[in-house]
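Below is one structure, written out as structure tokens; the observations come after it.
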RNA sequence: GGACGAUUAGCUCAGCUGGCUAGAGCACUGCCUUGACAUGGCAGGGGUCGAAGGUUCAAGUCCUUUAUCGUCCA
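Numbering (the numbering used here), first residue to last: 8 to 890.
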């Protein structure tokens, strides 16, 4: 047996094993090997990304699932990769350029894109490398990037297919425009943020009348684009105004007052300005009433020539100036404080400008139908189930997806225009001649596609689609998708749609949605708040295993998780505990063959049986909880087994045997220990991959297997010959020991002081068992001796307590504090009587005895007996003390 | 405005199909450097389960209302 270091050194161990696993090709799966496929595709992080706690949790979970599947002998692949994050990456490179005093226009499109590729080559592997530090057992040979050749081909193929099916179209719609990124965004990419804004009440003059009306708006600067004022047709107040004309201030343009049901008479004054080019509802109204559309801003959110005197002014600057001017002209009725939700760019948090713009869209309704069915009929399950509703809500109210982006980094839209015959067509190849009139006067669309247009193909594009491959056939559909709730719309829902459309099959059968990682005050971790905890710092400080184990232990299924540095001590301390337990075993294992663990089941002592029963429970619980994605419960089961069952009880029980027992006893005990430990180690491996591998080798458990990664996964009960009655006896024995220790503690006996104990067992059988098993109790209690006697009666005042196996007395010379004893026992008696009263009340209630299930009643009846017995014992003991 | 989630010990959270005498980790108190481990051991204190109604033999758990916080959607 190799010698374990006194202190575990995670840094060196973790590096060593990850490299070894890679060298040995442990992470790779291949369809050619056949078997039972198990596939997970990673939610591709942004290529600009650096690992944060959300990633750590997310990938940790995937790794656990993957490692379990691998140990179960499944043909496993976990496909990693990154996405090109169009806007984010472009922003990063533009910032770098800015430092050099350049803009992307200075470079031109081609040079700029080259520059982004350079950036990607240099920095793009950061997150993948960080995942390796986490211990992620990704199939790196399959690593993909959404802009690589194959995936780009998939994107073009998808676009052309949908275009040819008329599921992609170009049209002028109100889209979300980010004036900072200078591109359109999808509805999902505009994040609604509640802001304390203002509701401006403006006076507009009615043409030909003295009358002025008051219109309420949150965006006065769009006034220059107003083409109507609208009222609800049923609003009596304004009935007479319908059809009149309004003269807009500043530009003096005349616009009509129209009637439209959309107007909410309760909002503001019941009169709203209509700006069809800057608001989706106004756009709809404009269509209904055939109103002109006047765009008043440029791409950068600066007022344009339609804004008259404000041309060239930033939109918010304009709002301020305009309001001052209107105020001066006496055209402001009032300004109310107004809380409302304003769209912000999800990449740069600039206020989004809704704006009329020609863009490319995917028609979503036809794609949604099969995706709705797949979840409705249970082929795809969300865990926790409630996310079904979120998914369905979005699917059923789906709106067309704006997929064109006015940036350079991304897949260029494969649409070609002929400037001679105006033919428009989609093509996967770079066209130089018109497919209709053969003119060479053709040009490709300037825009690129939304990044999500490539990631929605991920579950099949990573396997080479549109090429057919054995891997695609074998691994698709994947098993579980693990992700956070924030990308259900962006990604999960769209993958289901693309999967159903292209593969005619679901992309995964389970979507596990985990919580969001927050700081200890419940705030989202963010760079700007400076509250993020860097997983790499935690790994440095505590180890990767500690990070992983702690994260899972504190993350309840689907609930948000609050973390702080100290939380990771859980995992570190647990690792230390296991390490030291292993060292202890090693100390006693000289000359012992860990490969010979076939102990004789007839020789199993009560404590052996108890430990093995606990091991079985741990196996069952781990498996059950994994199946239900209850990772915290799975880790808790392992924690509890190792720490309490194994270390606190069994290891302490084993000490006297290992130090003083016969060679036969010693061998038997070591067999039980190594058997249990090595089994539990395998269960723990997916959660703490590094340390378990180190111990697997350090303890020489690695039979013919070279790695614990492929050691057999413990599936179910491993030992027969465990008697439940014996297990229960040991539970009782632990209780007895606890009672004895309490007596010691109450009288402040130091560890050096031994004490004489007397036990009056609850029955003969227990008496016999205790007698046969006395040595272990003597050791646990550091007792001088233990006398077991069913008829034991103390001669004088003795400290005592009642355990499950019987009454325990401790003999100490002349030191008994009789009053304290009486007080203690009386308090206990009161408690027992309280419980007894409750039970009695229950049992005398006929409704209970007749309606409750028989076993529930039986439990209460048994309890009643026990309480009576205990109460009597206590009363007698008190009486005796009183003398 | 709608939907979902949370509210349980000082803190962070479990508690799943109602049977609970409500658990864990951290923090706290006392004792202990004992031959795996002080990143530890043994023992201990600490909760009318946000509030109010209801269903039930039985409610932390189910229903209704409500308050507070959070998330998503409009």
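For glycine and all other residues, C-beta sits at the position ideal for the given N, C-alpha and C. None of these values were measured; they are calculated from a predicted model.
Of all the alpha helix (DSSP H) runs that stay within the bounds of the segment 41–109, which reach a length of 4 or more residues?
Every unbroken stretch of the alpha helix (DSSP H) spanning 4 or more residues and falling wholly within the segment 41–109 is given here in chain order: 60–78, 93–106.
In this structure, does DSSP put residue 198 in helix, strand or coil?
Position 191 of the first chain holds residue 198. In this structure, residue 198 counts as strand in the three-state DSSP scheme.
Could you compute how far the alpha carbon of residue 667 sits from the alpha carbon of residue 847?
What you label residue 667 is simply residue 660 of the first chain in a count that begins at 1. What you label residue 847 is simply residue 840 of the first chain in a count that begins at 1. Looking at the two C-alpha atoms, the distance is approximately 50 Å.
Where residue 433 falls: helix, strand or coil (DSSP)
The residue you call residue 433 lines up with position 426 of the first chain. If DSSP states are grouped into helix, strand and coil, residue 433 belongs with the strands.
Straight-line Cα distance separating residue 867 from residue 878:
On the first chain, position 871 is the one that residue 878 refers to. On the first chain, position 860 is the one that residue 867 refers to. When rounded, the distance between both Cα atoms is 16 Å.
What residues match up with residue 280 in a beta bridge as DSSP calls it?
Along the first chain, one-based indexing puts residue 280 at 273. According to DSSP, which records beta bridges pairwise, residue 280 is partnered with 236.
Please tell me whether residue 519 and residue 601 are closer than 7 Å, where the distance is taken between their beta carbons.
Numbered from 1 along the first chain, position 512 holds the residue referred to as residue 519. Numbered from 1 along the first chain, position 594 holds the residue referred to as residue 601. Going by C-beta atoms, residue 519 is not nearer than 7 Å to residue 601.
At the level of alpha carbons, what is the spacing between residue 38 and residue 629?
As a working note, residue 38 is residue 31 in the first chain. As a working note, residue 629 is residue 622 in the first chain. Approximately 29 Å between the Cα atoms of the pair.
Any idea what DSSP makes of residue 183, helix, strand or coil?
If you number the first chain from 1, residue 183 lands on position 176. In the three-state reduction of the DSSP assignment, residue 183 falls in the strand class.
Can you list, in chain order, the residues of its chain with a C-beta nearer than 8 Å to that of residue 588? Leave out the 5 residues immediately preceding and following it.
Looking up residue 588 in the first chain gives position 581. Same-chain partners within the cutoff: 649, 653, 654, 658, 684.
In whole angstroms, give me the CA-to-CA distance for residue 142 and residue 78.
Numbered from its first residue, the first chain carries residue 142 at position 135. Numbered from its first residue, the first chain carries residue 78 at position 71. Distance between the alpha carbons of residue 142 and residue 78: 16 Å.
Contact between the segment 392–403 and the segment 70–85 (3+ Cβ pairs under 8 Å)
no
Between the C-alpha atoms of residue 744 and residue 22, what's the straight-line distance to the nearest angstrom?
Within the first chain, residue 744 is the residue found at index 737, counting from 1. Within the first chain, residue 22 is the residue found at index 15, counting from 1. In a straight line, the C-alpha of residue 744 is about 44 Å away from that of residue 22.
For residue 35, three-class secondary structure by DSSP
For the purposes of this step, residue 35 is identified with residue 28 of the first chain, where counting begins at 1. Coil.
At 4 residues or longer, what runs of the alpha helix (DSSP H) sit wholly inside the segment 282–364?
287–296, 322–335
Can you find the residues in the same chain that come closer than 7 Å, C-beta to C-beta, to residue 661, ignoring five residues on each side of it along the sequence?
Locating residue 661 in the first chain gives position 654, counting from the first residue. Excluding its 5 nearest sequence neighbours in each direction, residue 661 has C-beta neighbours in its own chain below 7 Å: 676, 680, listed in chain order.
Same chain, Cβ closer than 7 Å to residue 840, neighbours up to 5 away in sequence not counted:
Numbered from 1 along the first chain, position 833 holds the residue referred to as residue 840. For residue 840, where only same-chain residues beyond five positions count, the Cβ hits under 7 Å are 878.
With distances taken Cα to Cα, identify the nearest neighbour of residue 374 among 339, 502, 288, 486.
Here residue 374 corresponds to residue number 367 of the first chain, with the count starting at 1. With distances taken between Cα atoms, residue 374 lies closest to 502.
For residue 822, which option in 476, 750, 481 has the closest C-alpha, if you only look at C-alpha atoms?
Residue 822 sits at position 815 when you count from the first residue of the first chain. Checking every option, the nearest Cα to that of residue 822 belongs to 750.
Following the continuous beta strand (DSSP E) through residue 451, name the residue where it begins and the one where it ends.
The count along the first chain starts at 1 and reaches residue 451 at position 444. Taken as a continuous stretch (DSSP letters only), the beta strand (DSSP E) holding residue 451 covers 449–451.
Collapsed DSSP secondary structure at residue 687 in the structure displayed:
Here residue 687 corresponds to residue number 680 of the first chain, with the count starting at 1. Residue state, collapsed to three classes: helix.
Would residue 693 pass as a contact of residue 71 if the rule is Cβ separation under 7 Å?
If you number the first chain from 1, residue 693 lands on position 686. If you number the first chain from 1, residue 71 lands on position 64. Closer than 7 Å, so yes.
Using a Cβ-Cβ cut-off of 6 Å (strictly less than) and excluding sequence neighbours within five positions of residue 343, which residues of its own chain qualify?
Residue numbering aside, residue 343 sits at position 336 when the first chain is read from its first letter. Hits under 6 Å: 206.
Restricting to Cα atoms, I'd like to know which of 514, 122, 420 is closest to residue 410.
If you number the first chain from 1, residue 410 lands on position 403. Among 514, 122, 420, the Cα nearest to that of residue 410 is on 420.
Relative to the C-alpha of residue 551, which candidate in 883, 314, 579, 682 has its C-alpha closest?
Counting from one through the first chain, the residue named residue 551 turns up at place 544. Of the candidates 883, 314, 579, 682, the one whose C-alpha sits nearest the C-alpha of residue 551 is 579.
Span of the beta strand (DSSP E) holding residue 519?
Residue mapping note: residue 519 aligns to position 512 of the first chain, counting from 1. 515–521 is the span of the beta strand (DSSP E), which, as asked, contains residue 519.
Return the chain-ordered list of same chain residues with a C-beta closer than 7 Å to the C-beta of residue 148, the five sequence neighbours on each side being excluded.
If you number the first chain from 1, residue 148 lands on position 141. Within the same chain, and ignoring the five residues on either side of residue 148 in sequence, the residues whose Cβ sits closer than 7 Å to its Cβ are 35.
Based on the DSSP secondary-structure assignment, which residues constitute the bridge partners of residue 549?
Counted from its first residue, the first chain places residue 549 at position 542. BP columns for residue 549 are empty, so no partner.
Beta carbon of residue 739, beta carbon of residue 811: below 7 Å?
If you number the first chain from 1, residue 739 lands on position 732. If you number the first chain from 1, residue 811 lands on position 804. Going by C-beta atoms, residue 739 is nearer than 7 Å to residue 811.
Based on the DSSP output, what are the partners of residue 490 in its beta bridges?
For this step, residue 490 is matched to residue 483 along the first chain. According to the DSSP secondary-structure assignment, residue 490 is paired through a beta bridge with 520.
Mapping the DSSP letters down to three states, classify residue 654 as helix, strand or coil.
Counted from its first residue, the first chain places residue 654 at position 647. Three-state DSSP puts residue 654 in a helix.
I want to know whether the segment 311–329 touches the segment 233–242 - three or more CB-CB distances under 8 Å.
no
Less than 7 Å between the beta carbons of residue 93 and residue 472, yes or no?
For this step, residue 93 is matched to residue 86 along the first chain. For this step, residue 472 is matched to residue 465 along the first chain. No, these two residues do not count as a Cβ contact at 7 Å.
Residue 635: buried (16+ other C-beta within 10 angstroms of its C-beta) or exposed?
Along the first chain, read from residue 1 onward, the residue named residue 635 stands at position 628. With fewer than 16 Cβ atoms within 10 Å of its Cβ, residue 635 is classed as exposed.
Can you give me the start and stop residues for the beta strand (DSSP E) that residue 260 sits inside?
What you label residue 260 is simply residue 253 of the first chain in a count that begins at 1. Element bounds for residue 260: n/a, residue is neither H nor E.
Which term fits residue 727, buried or exposed, when burial requires 16 or more other beta carbons within 10 angstroms of its beta carbon?
For the purposes of this step, residue 727 is taken as residue 720 along the first chain, with counting starting at 1. Classification for residue 727: exposed.
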